[in-house]
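Residues 0 to 384 in numbering that gives the first Met the number 0 are what the sequence shown lists, from first letter to last.
Virtual Cβ for every residue (Gly too), placed ideally from N, Cα, C.
See below for the structure under consideration.
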Amino acid sequence: MKIDAEKEGLSATPTLSYKVDWLAFTIFCSPKNNYAKIKEILQALGYDVDLFESASPRYFYNSGLSLGGFFNIYFNDVKKEVSKFSSQSISFQMTGNGCTDLSYRLEELLNSKDDEKNWLWLFKWLNDKKAKITRIDLALDDFTGLCNFDLMIKKLSLGHYRSEKKTFTINRGQDQRQNSRGLTIYVGKMPKGGAGSKGVYYLRTYRKLDEFKEKHQLAPKIARDSGVWDRYEIAFSKAKAQAVVDEILKTGSVASVYLGVLRNLIEFLNPTKNQAGNLYKNKDKWTVCKWWRDFLKDAEKVKIGSDAVRDVSFSELLAWLRVSVVPSLRLMEQIGLERGFDFYDLIKSCDVDFAKKQKRLLKDSRTIPDDLLKLYLKEFEEGYK
């Protein structure tokens with residue numbers, strides 16, 4: 000399917016547009032059922048698995064599939080050697096072009112041109128499938144230049160801003176003749192060595208129109224007419240990615256969550272004096288620049304932190320135990336039979352203090368209806384085939 004640069008994204012207005020610009024998720028699955036599960040997921044999203052080509056494996060998986068390089072799938076083929084570092088899951092990854100392609104398919108699948116509604120449907124569908132979001136990039140495209148890049152850089156350099164992030168970076172690209180080519184502002188960053196399970200999120204803003212010109216690509220008509228296309232992109236990884244999707248599902252709005260997270264990431268400030276005419280030392284008392292308030296539409300802050308990460312549900316815990324823990328337990332059971340010890344007796348003899356989230360899960364499990372509990376246990380027994 001053709002990727003059309005004219006498609007402008009979520010909640011489009013004449014000047015602003017929101018877009019899902021990267022999406023990655025994993026689904027737990029027994030390796031022997033991987034191909035059937037891949038086919039099931041692709042068909043549900045309007046794809047034909049036969050159109051995918053073999054690709055080099057990554058992330059300790061031993062196999063890969065790719066559609067045009069913009070939709071990639073990584074999994075373990077039981078016919079090949081499986082790395083001991085690999086998980087029993089399938090990883091689905093869509094680049095920016097892959098997300099654009101998927102949005103077209105969602106339009107056809109749902110018979111709806113409401114992009115935000117379509118993405119909300121997808122997030123709910125993935126949640127029902129017990130998928131784990133591992134990365135998502137949300138972008139805001141500005142086609143009028145509501146914010147001045149030079150002013151933002153000046154504010155950052157002078158320290159006239161408030162942010163939960165400790166660092167910012169300004170990258171100015173140059174060609175071989177030392178001519179300026181491209182400008183990118185980062186607030187926050189990806190740590191060296193990766194983000195860890197808690198994940199990170201950070202802002203990357205740049206002149207998207209310059210990127211299109213450099214690649215000799217045709218920009219959307221609205222950008223060609225205005226001569227402006229600035230992108231404000233927030234990248235979320237690991238637990239932060241799951242948390243922001245959970246927040247979107249809770250509020251039913253990509254725009255409000257995006258703007259709330261952006262405000263929490265960065266606020267550009269006016270140095271403010273007290274009644275005595277002295278500058279407040281505490282930046283919490285400085286006022287937010289009007290142009291930044293207008294850009295954020297006075298959105299309330301949304302924190303995507305460790306306290307915002309949702310607890311694992313009972314059904315998700317069962318699924319994880321079944322595909323990731325049960326094989327190891329059965330292995331220890333077999334070793335115990337051969338060497339004369341009962342591994343389950345060892346487990347029962349261990350003193351364990353439940354963490355707070357485990358205590359919450361125990362409490363929640365007592366409210367699960369009997370028929371639903373039986374369904375969960377049946378799925379566990381059958382191995383989520």
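Task: ASN32 to PHE74 span [Cα, whole Å] - done: Working through the sequence shown from its first residue, we reach residue 32 at position 33. Working through the sequence shown from its first residue, we reach residue 74 at position 75. Rounded to whole angstroms, ASN32 to PHE74 spans 11 Å at the Cα level.
Task: Proximity below 9 Å, CB of ILE233 to CB of PHE142 - done: For this step, residue 233 is matched to residue 234 along the sequence shown. For this step, residue 142 is matched to residue 143 along the sequence shown. Not closer than 9 Å, so no.
Task: GLU52 - DSSP class collapsed to helix/strand/coil - done: Along the sequence shown, one-based indexing puts residue 52 at 53. Of the three classes helix, strand and coil, the one that applies to GLU52 here is strand, per DSSP.
TODO: Drop a sphere of 10 angstroms on the beta-carbon of VAL28, count the other beta-carbons inside from all chains shown, and report buried for 16 or more, exposed for fewer.
DONE: Position 29 of the sequence shown holds residue 28. According to the sequence provided, residue 28 is Cys. The question's Val does not apply to it. Counting Cβ neighbours within 10 Å, CYS28 comes out buried, since at least 16 surround it.
Open item on the list: Less than 8 Å between C-beta atoms, sequence neighbours within five positions excluded: which residues of the same chain meet that for LYS377?
Closed with: The residue labelled residue 377 in the question sits at position 378 within the sequence shown. Contacts found: none.
Open item on the list: I'd like to know whether the C-beta atoms of ALA23 and PHE84 end up nearer to each other than 9 Å.
Closed with: What you label residue 23 is simply residue 24 of the sequence shown in a count that begins at 1. What you label residue 84 is simply residue 85 of the sequence shown in a count that begins at 1. Contact flag unset, no.
TODO: Label TYR257 either buried or exposed according to how many other C-beta atoms from any shown protein chain fall within 10 Å of its C-beta, with 16 as the threshold for buried.
DONE: Sequence index remark: in the sequence shown, residue 257 carries index 258 (1-based). Counting Cβ neighbours within 10 Å, TYR257 comes out buried, since at least 16 surround it.
Open item on the list: So, does the region 157–173 touch the region 43–54, judging by three or more C-beta pairs under 8 Å?
Closed with: no
Task: Extent of the continuous beta strand (DSSP E) run through GLN92 - done: Looking up residue 92 in the sequence shown gives position 93. Where GLN92 is concerned, the enclosing beta strand (DSSP E) stretches over 88–93.
Task: Span of the beta strand (DSSP E), counted from its first residue to its last, around LYS131 - done: Looking up residue 131 in the sequence shown gives position 132. Boundaries of the beta strand (DSSP E) harbouring LYS131: 131–141, taken from the DSSP string.
Task: Inter-stretch contact at 8 Å, needing at least 3 Cβ pairs: the region 247–263 / the region 117–137 - done: Yes, the region 247–263 is in contact with the region 117–137.
TODO: Assign GLN274 to buried or exposed, taking buried as 16 or more other Cβ atoms, counted over all protein chains shown, within 10 Å of its Cβ.
DONE: By 1-based counting over the sequence shown, the position of residue 274 is 275. Label assigned to GLN274: exposed.
- [ ] Taking the CB atoms as reference points, tell me whether ILE40 and SER88 lie closer together than 9 Å.
- [x] Reading the sequence shown from its first residue, position 41 is the one you call residue 40. Reading the sequence shown from its first residue, position 89 is the one you call residue 88. Cβ atoms of ILE40 and SER88: not closer than 9 Å.
- [ ] Consult DSSP for SER82 and reduce its assignment to one of helix, strand or coil.
- [x] Translated into positions along the sequence shown, residue 82 becomes position 83. Correct three-state label for SER82: coil.
TODO: Please determine if the region 235–242 and the region 147–161 are in contact, where contact requires at least 3 C-beta pairs separated by less than 8 Å.
DONE: no
- [ ] Can you have a look at VAL351 and say buried or exposed, based on whether 16 or more other CB atoms are within 10 angstroms of its CB?
- [x] Counted from its first residue, the sequence shown places residue 351 at position 352. Counting Cβ neighbours within 10 Å, VAL351 comes out exposed, since fewer than 16 surround it.
Task: Proximity to LEU320 [Cα-Cα], best of PRO368, ASP224 and SER86 - done: Along the sequence shown, read from residue 1 onward, the residue named residue 320 stands at position 321. Checking every option, the nearest Cα to that of LEU320 belongs to SER86.
Task: TYR279 to LEU316 span [Cα, whole Å] - done: For this step, residue 279 is matched to residue 280 along the sequence shown. For this step, residue 316 is matched to residue 317 along the sequence shown. Spanning the two alpha carbons is a distance of roughly 50 Å.
- [ ] Look up LYS214 in the DSSP assignment and say whether it is helix, strand or coil.
- [x] For the purposes of this step, residue 214 is taken as the residue at position 215 of the sequence shown. Residue state, collapsed to three classes: coil.
Open item on the list: So, at 8 Å on beta carbons, what are the nonlocal neighbours of TRP124 in its own chain, with the 5 sequence-adjacent residues on each side left out?
Closed with: Walking along the sequence shown from the start, residue 124 turns up at place 125. Counting only Cβ-Cβ distances below 8 Å, and skipping sequence neighbours, we find ALA43.
Open item on the list: Strictly by DSSP, which residues pair up with LYS18?
Closed with: Working through the sequence shown from its first residue, we reach residue 18 at position 19. Looking at the DSSP assignment, LYS18 forms a beta bridge with ALA138.
Task: ASP113 in three-state terms, based on DSSP - done: Residue 113 sits at position 114 when you count from the first residue of the sequence shown. Looking at ASP113 - three-state DSSP - the assignment turns out to be coil, as it is neither helix nor strand.
- [ ] May I ask you to report which of helix, strand or coil DSSP gives ALA240?
- [x] For the purposes of this step, residue 240 is identified with residue 241 of the sequence shown, where counting begins at 1. Looking at ALA240 - three-state DSSP - the assignment turns out to be helix.
Task: Member of LYS36, PRO219, ILE37 and ILE135 whose CA lies at the smallest distance from the CA of LEU15 - done: Mapped onto the sequence shown, residue 15 falls at position 16. That would be PRO219, whose Cα lies nearest to the Cα of LEU15.
Task: Per DSSP, cross-strand counterpart(s) of LYS272 - done: The residue given as residue 272 occupies position 273 in the sequence shown. Answer by DSSP bridge pairing, in chain order: LEU278.
Open item on the list: For the beta strand (DSSP E) containing PHE74, name the first residue and the last one.
Closed with: Looking up residue 74 in the sequence shown gives position 75. Here the beta strand (DSSP E) through PHE74 covers 70–74.
TODO: Work out the CA separation of PHE70 and TYR17 for me, nearest whole Å.
DONE: Stepping through the sequence shown from its first residue, residue 17 is reached at position 18. Stepping through the sequence shown from its first residue, residue 70 is reached at position 71. Their Cα atoms are separated by approximately 21 Å.
Open item on the list: If I measure Cβ to Cβ from VAL311 and keep anything under 8 Å in the same chain, skipping five residues before and after, which residues do I get?
Closed with: The residue given as residue 311 occupies position 312 in the sequence shown. Same-chain partners within the cutoff: TRP319, LYS356 and LEU360.
- [ ] For GLU266, collect the residues of the same chain with a Cβ closer than 6 Å to its Cβ; drop the 5 residues on either side in sequence, then sort them by chain order.
- [x] Here the question's residue 266 lines up with position 267 in the sequence shown. Same-chain partners within the cutoff: ARG161 and VAL287.
Open item on the list: If you reduce the DSSP assignment to three classes, tell me which class ASN147 lands in.
Closed with: Stepping through the sequence shown from its first residue, residue 147 is reached at position 148. The answer is coil: DSSP assigns ASN147 none of H, G, I, E or B.
- [ ] Could you have a look at GLU266 and say whether DSSP puts it in helix, strand or coil?
- [x] Along the sequence shown, read from residue 1 onward, the residue named residue 266 stands at position 267. Here GLU266 sits in strand by DSSP.
Task: Candidates ARG338, GLU381, LYS272 and ASP363: closest to VAL322 by CA position - done: Here residue 322 refers to the residue found at position 323 of the sequence shown. Looking at ARG338, GLU381, LYS272 and ASP363, the one whose alpha-carbon comes closest to that of VAL322 is GLU381.
TODO: Report the rounded CA-to-CA distance for PRO368 versus PHE313, giving the unit in angstroms.
DONE: For the purposes of this step, residue 368 is identified with residue 369 of the sequence shown, where counting begins at 1. For the purposes of this step, residue 313 is identified with residue 314 of the sequence shown, where counting begins at 1. About 12 Å.
- [ ] Below 7 Å CB to CB, which residues in the same chain sit around PRO56 once its five sequence neighbours on both sides are set aside?
- [x] Translated into the one-based positions of the sequence shown, residue 56 becomes position 57. Once the five neighbours on either side are set aside, the close Cβ partners of PRO56 are SER62, GLY63 and TYR73.
Task: Length of the line joining the Cα atoms of ALA307 and LEU108 - done: Numbered from its first residue, the sequence shown carries residue 307 at position 308. Numbered from its first residue, the sequence shown carries residue 108 at position 109. Low confidence applies here, because ALA307 scores a pLDDT of 46, under 50, leaving its location unreliable; read the following figure in that light. Computed Cα separation, rounded: 32 Å.
TODO: Go ahead and label ILE2 buried or exposed: buried means 16 or more other beta carbons lie within 10 angstroms of its beta carbon, across all protein chains shown.
DONE: Within the sequence shown, numbered from 1, the residue matching residue 2 stands at position 3. Note that ILE2 scores a pLDDT of 34, beneath 50, so its modelled location is shaky; the value from the coordinates is reported in the next line. So ILE2 ends up on the exposed side.
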